[in-house]
Amino acid sequence: MELSAEQSYYAVIFTSKQTEDTSGYAEMATKMEALAQKQPGYLGMEHARSALGITISYWKTEAAIASWKNQVDHLVAQQTGKDKWYSAYSVRVCKVEREYHFDKEN
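Remember, the working numbering sits 764 above the position in the sequence shown when you count from 1.
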C-alpha cells in the first residue's frame, strides 16, 4: 500500500490479544474492512496476526476516524469484540508526517 508522501494523514493502530473463542471473527474482520473502504477519508489498511494482532488503518482526517469509530455496524463489531473475541486491546491514533519505502522488487 502506497500513501501520499506529500501530505500528512492519520494512522489508527489497533493491537489486540484474542480469547480462545474466535468463531465468527474472520468473517466480521472481512466485513469491517470492506465497510471501512467505503467510508469518506479512508486511505488503506494493513494487518498482522500472531500472539498479538495488529491492524493499522489510514485516514485523511481525525473527523474521518471519528465517523468510522461511530459507524453503526462498526459499533456492533466493537461490542462483539469486547464481549467475545478480545481479552485485551489498545487503540493509538497517530499523525503521520512523513514516510519512507524500500521495495527490493521494484
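Just so you know, even glycine gets a beta-carbon here, dropped at the ideal spot from N, CA and C.
To the nearest angstrom, how far is the alpha carbon of residue i from that of residue j?
{"i": "glutamate 869", "j": "glutamate 810", "result": "19 Å"}
{"i": "alanine 827", "j": "serine 851", "result": "28 Å"}
{"i": "glycine 808", "j": "alanine 841", "result": "19 Å"}
{"i": "arginine 824", "j": "lysine 848", "result": "Here residue 824 is lysine; the residue named in the question, arginine, does not match the sequence. Answer to the nearest angstrom: the Cα atoms are 31 Å apart."}
{"i": "glutamine 843", "j": "serine 814", "result": "22 Å"}
{"i": "threonine 783", "j": "tyrosine 789", "result": "11 Å"}
{"i": "lysine 802", "j": "arginine 862", "result": "25 Å"}
What are the start and end residues of the beta strand (DSSP E) that includes residue i?
{"i": "tryptophan 823", "result": "817–823"}
{"i": "tyrosine 773", "result": "773–782"}
{"i": "serine 831", "result": "Premise fails: serine 831 lies in the alpha helix (DSSP H), 826–833, not in any beta strand (DSSP E)."}
{"i": "glutamate 810", "result": "806–813"}
Between which two residues does the alpha helix (DSSP H) harbouring residue i extend?
{"i": "histidine 838", "result": "836–844"}
{"i": "lysine 795", "result": "789–801"}
My assumption, with CB atoms under 8 Å, is that residue i sits in contact with residue j. Please give the rounded CB distance.
{"i": "isoleucine 820", "j": "valine 857", "result": "About 11 Å separates the two Cβ atoms, so there is no contact after all."}
{"i": "alanine 793", "j": "tyrosine 822", "result": "Rounded, the Cβ-Cβ distance is 17 Å, inconsistent with contact."}
Would you mind working out which of the options sits nearest residue i, comparing C-alpha positions?
{"i": "threonine 779", "options": "Thr794, Gly805, Gly808 and Gly817", "result": "Gly817"}
{"i": "alanine 800", "options": "Trp849, Val836 and Glu861", "result": "Val836"}
{"i": "serine 772", "options": "Ser854, Val860, Asp785 and Pro804", "result": "Val860"}
{"i": "glutamate 791", "options": "Gly845, Tyr806, Ile777 and Lys833", "result": "Gly845"}
So, residue i versus residue j, is the Cβ gap smaller than 8 Å?
{"i": "histidine 838", "j": "methionine 796", "result": "yes"}
{"i": "proline 759", "j": "serine 787", "result": "Lying before the first or after the last residue shown, residue 759 is absent from the chain, which here runs from 765 to 870."}
Is any heavy atom in the ligand SAM found nearer than 7 Å to the beta carbon of residue i?
{"i": "lysine 846", "result": "Although the ligand SAM was asked about, the structure shown includes no ligands whatsoever."}
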